[in-house]
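J.: Taken in sequence, the protein lines are chains F and R. The letter at position 74 of the first sequence is residue 198 when you use the working numbering, and the numbering goes up by one with no holes. The letter at position 4 of the second sequence is residue 5 when you use the working numbering, and the numbering goes up by one with no holes. Ideal Cβ positions, reconstructed from N, Cα and C, are used throughout, including at glycine. Once you've had a glance at the structure underneath, I'll fire off some questions.
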Amino acid sequence: DQQVKQNSPSLSVQEGRISILNCDYTNSMFDYFLWYKKYPAEGPTFLISISSIKDKNEDGRFTVFLNKSAKHLSLHIVPSQPGDSAVYFCAAPSNFGNEKLTFGTGTRLTIIP
Amino acid sequence: DAGVIQSPRHEVTEMGQEVTLRCKPISGHDYLFWYRQTMMRGLELLIYFNNNVPIDDSGMPEDRFSAKMPNASFSTLKIQPSEPRDSAVYFCASSPSRGQGNWGSNQPQHFGDGTRLSIL
């Protein structure tokens, strides 16, 4: 039972345009969401997070939107740069203490120069 | 600032052999996590520790897998005997505790660069 789903395995976007990565979840008890970015041969690195009491969190070129009624979150990258090419994972803590993360399967983003 | 350090980076061994993966978490972090990444199952949590104590090992696939954390700066994940289906990338991650009065918030986990394990 996959509680966090990323239905698009890959996405290609022109440099300078907006990249939108999507994530759906099934557990309405999730109260915190995170996005991680992963380059080949490296571990995932934390990118941005959002609490369920908010519907938007922005950090530079990265903005995460949360739609609780739809159980959907999205990561927007504007403008997209070649260095953004990576695999992006959304994740949510699945236990009361918020330590145990459940990850989506990832979306491979390719920025076309 | 040293990140999470894993060794070896690559391991190739024959079926039936014992495999030991090592992890040094970030100093001061109270939590340590072991993950496995495969094409079929993505990134899945195997086990995690808090203050060197195993908290949840429900993700450990079989008794062939074991993990220890003898002190705050070292952990091992052992597979004995290894099988070809254990081939995957294994990640270790660490995170600090939530701050006092910071109930419900999450401290991001910091990942090592992983060990790519191939069992022939």
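1. Short of 9 Å Cβ to Cβ, which residues in the segment 40-52 of chain R face chain F?
2. Can you check whether the CB of F:Leu197 is closer than 8 Å to the CB of F:Phe189?
3. Is it true that the CB of F:Tyr160 sits closer than 8 Å to the CB of F:Leu145?
4. Excluding the five sequence neighbours on either side, which residues of its own chain have a C-beta within less than 7 Å of the C-beta of R:Pro109, listed in chain order?
5. What first and last residue would you give for the beta strand (DSSP E) that runs through R:Phe92?
6. Quick one: which chain R residues come within Cβ less than 9 Å of F:Phe170?
7. Going by C-alpha to C-alpha distance, which of F:Lys162, F:Tyr156, F:Ser134 sits closest to F:Asp179?
8. Taking C-alpha atoms, which residue in R:Ala73, R:Met41, R:Tyr32 lies nearest to R:Ala89?
9. Where does the unbroken beta strand (DSSP E) through F:Asp148 begin, and where does it stop?
10. List the residues of chain F that R:Phe92 touches, going by C-beta distances under 9 Å, in chain order.
11. Nearest to R:Ile80 by alpha carbon, out of R:Pro26, R:Ile6, R:Ser119?
12. If we ignore side chains and look at the alpha-carbon of each, how far apart do R:Met61 and R:Phe92 end up?
13. Using a Cβ cut-off of 8 Å (strictly closer), state whether F:Glu182 contacts chain R.
14. Write down the C-beta distance between R:Val20 and R:Ser83 rounded to the nearest angstrom, noting that I regard them as a contact closer than 8 Å.
15. Spell out the partners DSSP gives R:Phe66 in its beta bridges.
16. Would you mind reading off the limits of the beta strand (DSSP E) that contains R:Thr21?
17. On the DSSP bridge list, what partners appear for R:Gly43?
18. Report the three-state DSSP secondary structure of R:Pro1 (helix, strand or coil).
19. Taking the beta carbon of F:Gln138 as the centre, do at least 16 other beta carbons fall within 10 Å, making it buried, or is it exposed?
20. Give the secondary structure of R:Pro85 by DSSP, where H, G and I count as helix, E and B as strand, and everything else as coil.
21. By alpha-carbon positions, which one of R:Val13, R:Met16, R:Trp35, R:Thr14 ends up nearest to R:Gly113?
T.: For this structure:
1. Arg42, Gly43, Leu44, Glu45, Leu46, Tyr49, Asn51
2. yes
3. no
4. Ser96
5. 89-96
6. Pro109, Gln110, His111, Phe112
7. F:Tyr156
8. R:Met41
9. 143-149
10. Gly167, Pro168
11. R:Ser119
12. 14 Å
13. no
14. 5 Å
15. R:Ile80
16. 20-25
17. R:Thr39
18. In the structure as shown, chain R begins at 2 and stops at 121. Residue 1 of chain R is therefore absent and cannot be evaluated.
19. exposed
20. helix
21. R:Trp35
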